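Taken in order, these protein sequences are the chains called A and B. For what it's worth, the numbering used here labels the leading residue of the first sequence as 49, then goes sequentially. For what it's worth, the numbering used here labels the leading residue of the second sequence as 49, then goes sequentially. A short write-up of the structure that comes next.
Number of protein chains: 2
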Amino acid sequence: MYGVAVAETAISRIAADGSLSYRGYAIKDLFERASFEECAFLILEGHLPNREELDTFVSGLHSRRKVPKNVYRLMEELPPTSDPMDILRTAVSGVGAAEALLPAKEQEYSLIAKMPTLVANCCRIVRGMDAVEPRDDVNEAENLLHMLTGRRPDSFEVWAFERELILYLEHDLNASTFTVRVVASTLADVYAASTAGIAALKGPLHGGANEASMRMMLEIGSPEGAMPYLKEKLSQGRKIMGFGHRIYKTVDPRAQLSKDMLKRLLAHKGGDGRLYRVAEELERAMWELKRIPANLDFYAAPVFYALSIPIEAYTPIFAASRSVGWVSHFNEQLAANKLFRPDSIYVGQHELTYVPVEQR
Amino acid sequence: MYGVAVAETAISRIAADGSLSYRGYAIKDLFERASFEECAFLILEGHLPNREELDTFVSGLHSRRKVPKNVYRLMEELPPTSDPMDILRTAVSGVGAAEALLPAKEQEYSLIAKMPTLVANCCRIVRGMDAVEPRDDVNEAENLLHMLTGRRPDSFEVWAFERELILYLEHDLNASTFTVRVVASTLADVYAASTAGIAALKGPLHGGANEASMRMMLEIGSPEGAMPYLKEKLSQGRKIMGFGHRIYKTVDPRAQLSKDMLKRLLAHKGGDGRLYRVAEELERAMWELKRIPANLDFYAAPVFYALSIPIEAYTPIFAASRSVGWVSHFNEQLAANKLFRPDSIYVGQHELTYVPVEQR
Chain A
49 MYGVAVAETA ISRIAADGSL SYRGYAIKDL FERASFEECA FLILEGHLPN
99 REELDTFVSG LHSRRKVPKN VYRLMEELPP TSDPMDILRT AVSGVGAAEA
149 LLPAKEQEYS LIAKMPTLVA NCCRIVRGMD AVEPRDDVNE AENLLHMLTG
199 RRPDSFEVWA FERELILYLE HDLNASTFTV RVVASTLADV YAASTAGIAA
249 LKGPLHGGAN EASMRMMLEI GSPEGAMPYL KEKLSQGRKI MGFGHRIYKT
299 VDPRAQLSKD MLKRLLAHKG GDGRLYRVAE ELERAMWELK RIPANLDFYA
349 APVFYALSIP IEAYTPIFAA SRSVGWVSHF NEQLAANKLF RPDSIYVGQH
399 ELTYVPVEQR
Chain B
49 MYGVAVAETA ISRIAADGSL SYRGYAIKDL FERASFEECA FLILEGHLPN
99 REELDTFVSG LHSRRKVPKN VYRLMEELPP TSDPMDILRT AVSGVGAAEA
149 LLPAKEQEYS LIAKMPTLVA NCCRIVRGMD AVEPRDDVNE AENLLHMLTG
199 RRPDSFEVWA FERELILYLE HDLNASTFTV RVVASTLADV YAASTAGIAA
249 LKGPLHGGAN EASMRMMLEI GSPEGAMPYL KEKLSQGRKI MGFGHRIYKT
299 VDPRAQLSKD MLKRLLAHKG GDGRLYRVAE ELERAMWELK RIPANLDFYA
349 APVFYALSIP IEAYTPIFAA SRSVGWVSHF NEQLAANKLF RPDSIYVGQH
399 ELTYVPVEQR
């Protein structure tokens, strides 16, 4: 289905020159100047909020952050070895069962508000810890970062994390968003659609790449190790995660914004910047060897790592942010809905006749 | 996406004349002569099983029917008002979390074997009853019918129910199966894909139609009521559930097989056949008014009703049977995988510039 246009959209645009915009605003502009909440409102409602709209939106999210206790008990029934994305998918599905009769708009806001809380806790429960409660006095980025790390981040860390969340908000018809639209087209509710989106995001070809990228960087450890590592893996026919994109063939603009953020964050932290040098050399070597550019997942991963976020939370964080894009696409699908029911080309057998089992 | 071919398939075929076949065998042939287990094996493996293959397949299903206790406890955490499809989706997601590290083939057989048990119990838990355990000495149809109704069905009832399960097994790229293939294309596991399939099947435009059809027939109550009911609803612009199909424009062959089964089942039961006459008159009147044919959901519903199956179980039963088709499409997708990543047509705004909130 590459190259087949299956929907009209006014939510985001990836232009032929590789530039990305949300609702007409260049991602670079939003990355440098906007808040996560402003961008989320923009994606959901189609325009940047004025002060009153923004305050209403923010307080609406704050008041819906808490997750019912029965959802934590439900998560506790899953084995301690469970994948955080499986836990998150089950928990979101469970919240959806409890909220199935709420008005659609209420479901949407509740989902977006609760995703960070569920993300923080799906990782904690894997580690055998008690549930952590959200704060209602800080923004989305600070709340999630605090829940994930258990410590109060400084304002630069919050700002850096918020930039990454903005980059993950929305990206046209990627596989999870497309899944959401297909489910939406059956007139199932937004929780059904988002549960399916999380299911798609678990796939290593989609959301799983940021975690795989980080483990690779840690395994390599030094800039000198990058080229030999890539040569060995490529000679074995292995896929290198965090590189390449369906659309961006020379540069992923989100990756470059994230790369710059990594440099600044490491400088802020005062270390030797080795992680940046490993990542940069990997990027350079991969381009030299294969002409494949680093993607967002590749450079978001070390930013999360520098913020002391557990690696298994990286894909769930992607889900928490992308849920905004999912909800927006869910609504756009319903506004001019037609059931997704594509055709297939039949290549199987014809006109066989049943014979009883004893005659086979 | 109507009319766009997005995959090659050898699993089922809906020919231009409206005939349906599974792996080259006409649905009518299988409906009259085959067992559910034979058809499931056929769909999964591509050929009808010999005796040894069938015995191995059947015992493999029997031994995997039981659902771990923690999954029942997980279901109990959902509110008593929950929709059975939401419970089923959450439970399947939870089983998937527990089985994420099993080999793919083991996951597939476990999923198919456990679906009926989960279906029977998602409805019981809604009604506040204890979990019912599967039997391991009877076929799929008898086991599920027994669990759903709490009584031992007679052999004709089992046979009738089995026919309906065969009709629901597989149907090319319907919305849930297409969802499964999109999720599979990210390399997520079969539980992730099937959870997404259940999410899609919840939609009233897809799986929910059999329940809506039954409630309509009960509301109408007599053949004379059919035409006035349809005229009133149609004049209000309401959609009549159980009619129409993306592909079958004059007759759904599965509906006609199911209609015949309804007649025979009601005769077997010895009632006055009123339910058949209501359904038949509804079908006739709808064709007269709108030239839209009854679909499978329309005639499966009264068969389930005549078997004393609770109405809220109808869509979950659809899911239990269709999970076989989902697994087969999951594997077919992976055998020649390419990530589903369609394009969109951007119709939104361009080149806007961010201004701070106080200036908006």
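Don't be surprised by glycine CBs; every beta carbon is placed ideally from N, CA and C. Since the model is a prediction, treat every value here as computed from it, not as a measurement.
Worksheet item: Who are A/Ser392's beta bridge partners in DSSP?
Response: Locating residue 392 of chain A in the first sequence gives position 344, where the first residue counts as 1. A/Ser392 is bridged to B/Ala55.
Worksheet entry | Alpha carbon of A/Arg332 to alpha carbon of A/Ala367, nearest angstrom | The residue given as residue 332 of chain A occupies position 284 in the first sequence. The residue given as residue 367 of chain A occupies position 319 in the first sequence. Between A/Arg332 and A/Ala367, the C-alpha separation is close to 29 angstroms.
Worksheet item: At a Cβ threshold of 7 angstroms, is A/Leu215 touching chain B?
Response: Here residue 215 of chain A refers to the residue found at position 167 when the first sequence is read from its first residue. Taking Cβ atoms only, chain B never reaches closer than 7 angstroms to A/Leu215, which makes this a no.
Worksheet item: Helix or strand or just coil, what does DSSP make of A/Ser69?
Response: Counting from 1 along the first sequence, the entry for residue 69 of chain A is found at position 21. Strand.
Practice prompt. Rank B/Ser369, B/Ile59, B/Pro350 by C-alpha distance to the C-alpha of B/Gly94 and give the top, closest one.
Written response: To locate residue 94 of chain B, count along the second sequence from 1; it is residue 46. When each option's Cα is compared against that of B/Gly94, the closest is B/Ile59.
Worksheet entry | Where the stretch 390-403 of chain B meets chain A: residues whose CB sits under 8 angstroms from a CB there | Pro390, Asp391, Ser392, Ile393, Tyr394, Val395, Gly396, Gln397, His398, Glu399, Leu400, Thr401, Tyr402, Val403
Worksheet item: For B/Ala189, which of B/Glu156, B/Tyr216, B/Asp308 has the nearest alpha-carbon?
Response: One-based indexing of the second sequence puts residue 189 of chain B at position 141. Minimum Cα distance to B/Ala189 is reached at B/Tyr216.
Fill in: For A/Ser270 and B/Ile91, the rounded distance between their alpha carbons
Sequence index remark: in the second sequence, residue 91 of chain B carries index 43 (1-based). Sequence index remark: in the first sequence, residue 270 of chain A carries index 222 (1-based). Distance between the alpha carbons of B/Ile91 and A/Ser270 is about 51 angstroms.
Worksheet item: Can you tell me whether B/Asp220 is buried or exposed, with buried defined as 16 or more other CB within 10 angstroms of its CB?
Response: Here residue 220 of chain B corresponds to residue number 172 of the second sequence, with the count starting at 1. So B/Asp220 ends up on the buried side.
Worksheet item: Would B/His316 pass as a contact of B/Phe204 if the rule is Cβ separation under 7 angstroms?
Response: Mapped onto the second sequence, residue 316 of chain B falls at position 268. Mapped onto the second sequence, residue 204 of chain B falls at position 156. Yes; because the gap between Cβ atoms is below 7 angstroms, this pair is in contact.
Worksheet entry | A/Leu310 to A/Tyr347 span [Cα, whole Å] | Translated into the one-based positions of the first sequence, residue 310 of chain A becomes position 262. Translated into the one-based positions of the first sequence, residue 347 of chain A becomes position 299. If I take the Cα positions, the gap works out to 7 angstroms.
Discussion item. Give me the chain B residues within the contact set of A/His254, using Cβ-Cβ distance strictly less than 7 angstroms, ordered along the chain.
Written reply: Your numbering for residue 254 of chain A matches position 206 in the first sequence. Correct list: Thr234.
Worksheet item: Just reading off the alpha helix (DSSP H) that A/Ile62 is part of, what are its end residues?
Response: What you label residue 62 of chain A is simply residue 14 of the first sequence in a count that begins at 1. Run containing A/Ile62: none in the alpha helix (DSSP H); it sits in the beta strand (DSSP E), 60-62.
Worksheet item: Which residue from A/Phe79, A/Lys297, A/Asp178 puts its Cα closest to that of A/Lys117?
Response: Here residue 117 of chain A refers to the residue found at position 69 when the first sequence is read from its first residue. Among A/Phe79, A/Lys297, A/Asp178, the Cα nearest to that of A/Lys117 belongs to A/Asp178.
Worksheet item: Is it right to say B/Arg61 is buried, meaning 16 or more other beta carbons lie within 10 angstroms of its own, or is it exposed?
Response: Indexing the second sequence from 1 puts residue 61 of chain B at position 13. So B/Arg61 ends up on the buried side.
Practice prompt. Please check if any C-beta of chain A sits within less than 7 angstroms of the C-beta of B/Ile135.
Written response: As a first step, residue 135 of chain B is located in the second sequence; it is residue number 87 there, counting from the start. Yes - at least one Cβ of chain A is within 7 angstroms of the one on B/Ile135.
Item to complete: Run the CB neighbour count on A/Arg198, radius 10 Å, all protein chains shown included, and call it buried at 16 or more, exposed below.
Response: Walking along the first sequence from the start, residue 198 of chain A turns up at place 150. According to the sequence as given, residue 198 of chain A is Gly; it is not Arg. Result: exposed.
Fill in: Distance between B/Asn191 and B/Ala361 (C-alpha atoms, nearest Å)
Along the second sequence, one-based indexing puts residue 361 of chain B at 313. Along the second sequence, one-based indexing puts residue 191 of chain B at 143. In a straight line, the C-alpha of B/Ala361 is about 15 angstroms away from that of B/Asn191.
Fill in: A/Leu282 at chain B interface by Cβ criterion, 7 angstroms
The residue given as residue 282 of chain A occupies position 234 in the first sequence. The C-beta of A/Leu282 comes no closer than 7 angstroms to any C-beta of chain B.
Worksheet entry | Chain-ordered neighbours of A/Val52 on chain B, where CB pairs are closer than 9 angstroms | Counted from its first residue, the first sequence places residue 52 of chain A at position 4. Within 9 angstroms Cβ-Cβ: Met49, Val52, Val54, Pro390, Asp391.
Practice prompt. Closer than 8 angstroms by beta-carbon distance: list the chain A residues that pair up with B/Asp131, in chain order.
Written response: Mapped onto the second sequence, residue 131 of chain B falls at position 83. Neighbours of B/Asp131 on chain A, chain order: Ala145, Ala148.
Item to complete: Rounded to whole angstroms, what's the CA-CA distance from B/His110 to B/Asp184? Just pull it up for me.
Response: In the second sequence, the residue the question calls residue 110 of chain B occupies position 62. In the second sequence, the residue the question calls residue 184 of chain B occupies position 136. Rounded to whole angstroms, the separation of the alpha carbons of B/Asp184 and B/His110 is 5 angstroms.
Worksheet entry | Which of helix, strand or coil DSSP assigns to A/Ser149 | On the first sequence, residue 149 of chain A is found 101 positions in, with the first residue counted as 1. Note on identity: in this sequence residue 149 of chain A is Leu, with Ser being the wrong assignment. Here A/Leu149 sits in coil by DSSP.
Discussion item. Please confirm whether A/Ala88 has its beta-carbon closer than 7 angstroms to some beta-carbon of chain B.
Written reply: Within the first sequence, numbered from 1, the residue matching residue 88 of chain A stands at position 40. So, not an interface residue.
Discussion item. If contact is defined by three or more beta carbon pairs under 8 angstroms, each pair taking one atom from either stretch, is the stretch 350-364 of chain A in contact with the stretch 229-238 of chain A?
Written reply: Under the 8 angstroms Cβ criterion, the stretch 229-238 of chain A does not count as touching the stretch 350-364 of chain A, having fewer than three qualifying pairs.
Worksheet item: In this structure, does DSSP put B/Leu44 in helix, strand or coil?
Response: There is simply no residue 44 of chain B to check, as chain B begins at 49 and stops at 408 in what is shown.
Practice prompt. Report all residues from its chain with a CB closer than 7 angstroms to the CB of B/Ala139; omit the five preceding and five following residues, and keep chain order.
Written response: Within the second sequence, the letter at position 91 stands for residue 139 of chain B. Answer for B/Ala139: Val119, Leu122, Met123, Leu166, Cys170, listed in chain order.
Worksheet item: Using CA coordinates, which residue listed in B/Ala82, B/Asp391, B/Ile393, B/Leu400 is at the minimum distance from B/Glu212?
Response: Here residue 212 of chain B corresponds to residue number 164 of the second sequence, with the count starting at 1. Among B/Ala82, B/Asp391, B/Ile393, B/Leu400, the Cα nearest to that of B/Glu212 belongs to B/Ala82.
Fill in: Contact set between the stretch 67-81 of chain B and chain A, restricted to residues whose Cβ is under 7 angstroms from the partner
Arg71, Gly72, Tyr73, Asp77, Leu78, Arg81
Item to complete: Compare the C-beta of A/Asn169 with all C-beta atoms of chain B and state if any pair is closer than 7 angstroms.
Response: For the purposes of this step, residue 169 of chain A is taken as residue 121 along the first sequence, with counting starting at 1. No, A/Asn169 does not count as interfacial toward chain B.
Worksheet entry | Segments of 3+ residues assigned as beta strand (DSSP E) that fall wholly inside the stretch 263-309 of chain A | none
Worksheet entry | Min CB distance A/Asn98 to chain B below 7 angstroms | The count along the first sequence starts at 1 and reaches residue 98 of chain A at position 50. Answer yes: the Cβ-Cβ gap between A/Asn98 and chain B drops below 7 angstroms somewhere.
Worksheet item: Can you list, in chain order, the residues of its chain whose CB lies under 8 angstroms from that of A/Gly292, leaving out five sequence neighbours each side?
Response: Position 244 of the first sequence, counting from 1, holds the residue named residue 292 of chain A. Ile340, Pro341, Asn343.
Discussion item. Check whether chain A comes within 7 angstroms of B/Gly142, counting only Cβ atoms and requiring the distance to be less than that.
Written reply: Within the second sequence, the letter at position 94 stands for residue 142 of chain B. It does; some Cβ of chain A falls within 7 angstroms.
Worksheet entry | Pairwise C-alpha distance: B/Leu314 and B/Gly66 | On the second sequence, position 18 is the one that residue 66 of chain B refers to. On the second sequence, position 266 is the one that residue 314 of chain B refers to. Computed Cα separation, rounded: 27 angstroms.
Discussion item. Is the separation between the beta-carbon of A/Met289 and that of A/Ala260 shorter than 7 angstroms?
Written reply: Residue mapping note: residue 289 of chain A aligns to position 241 of the first sequence, counting from 1. Residue mapping note: residue 260 of chain A aligns to position 212 of the first sequence, counting from 1. In this structure, A/Ala260 lies closer than 7 angstroms to A/Met289 by Cβ.
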